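Have a look at the structure below, then the notes.
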Amino acid sequence: MGMQVATAFIVLLTDIMQHGDLITADTILEVEKRLADQWKGVGIARAATDEEIAEYQGDAAEAEALLDDVDALADQKRGLELELEKLQERKTELAGDLQALESDVADLGKQKETLAGEVEALEVRKAAAEKPATAAKAK
Numbered sequence: 019m020g021m022q023v024a025t026a027f028i029v030l031l032t033d034i035m036q037h038g039d040l041i042t043a044d045t046i047l048e049v050e051k052r053l054a055d056q057w058k059g060v061g062i063a064r065a066a067t068d069e070e071i072a073e074y075q076g077d078a079a080e081a082e083a084l085l086d087d088v089d090a091l092a093d094q095k096r097g098l099e100l101e102l103e104k105l106q107e108r109k110t111e112l113a114g115d116l117q118a119l120e121s122d123v124a125d126l127g128k129q130k131e132t133l134a135g136e137v138e139a140l141e142v143r144k145a146a147a148e149k150p151a152t153a154a155k156a157k
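With the working numbering applied, the sequence shown corresponds to residues 19 to 157, in that order.
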């Protein structure tokens with residue numbers, strides 16, 4: 019288990035560049051104790067008050083809570099994207115089913131037309147068959 023590095027809270031008295039970033043005066047920072055002592059020694063920082071430390075920790079907790087919210091929203095978004103994907107697949111599936119049904123309906127329509135034609139032909143034959151019988155009865 020690594021040794022815990024001692025840290026201290028300081029308030030910058032001047033703007034500084036740290037790792038290429040500008041950190042402005044009055045910023046509260048938590049830094050290694052030896053760095054805090056060094057900065058206080060050269061007059062670019064002072065020790066933070068208990069109130070400032072509480073504010074810093076409150077901001078940090080708030081930032082942490084916001085990050086948790088962002089994570090939760092990202093999870094929710096992933097869930098919705100998966101749901102959407104499933105619905106799209108289902109839509110494609112249903113579109114296929116619909117096409118098959120429309121094809122069945124078209125086939126049934128053709129069968130109905132064919133049957134109607136056959137019925138008509140049978141009725142013509144029946145009428146033709148009845149005529150001679152009627153004519154024979156009349157004699």
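Each residue gets a CB set at the ideal place from its N, CA and C atoms; glycine is no exception.
If you're wondering where the values come from, they're calculated on a predicted model, not measured in any experiment.
- When C-alpha distances from K51 are compared across A24, W57, L30, the shortest belongs to A24.
- In terms of Cβ geometry, L31 and T45 do not form a close pair [threshold 8 Å].
- In this structure, the alpha-carbon of E131 lies about 20 Å from that of A118.
- Here DSSP, grouped into helix, strand and coil, assigns V60 to coil.
- Secondary structure at T110: helix, using DSSP grouped into helix, strand and coil.
- A contact between stretches requires three or more CB pairs, one per stretch, nearer than 8 Å, and the segment 56-64 fails this requirement with the segment 74-93.
- Each residue's CA atom was taken as its position, placing V49 and D89 some 27 Å apart.
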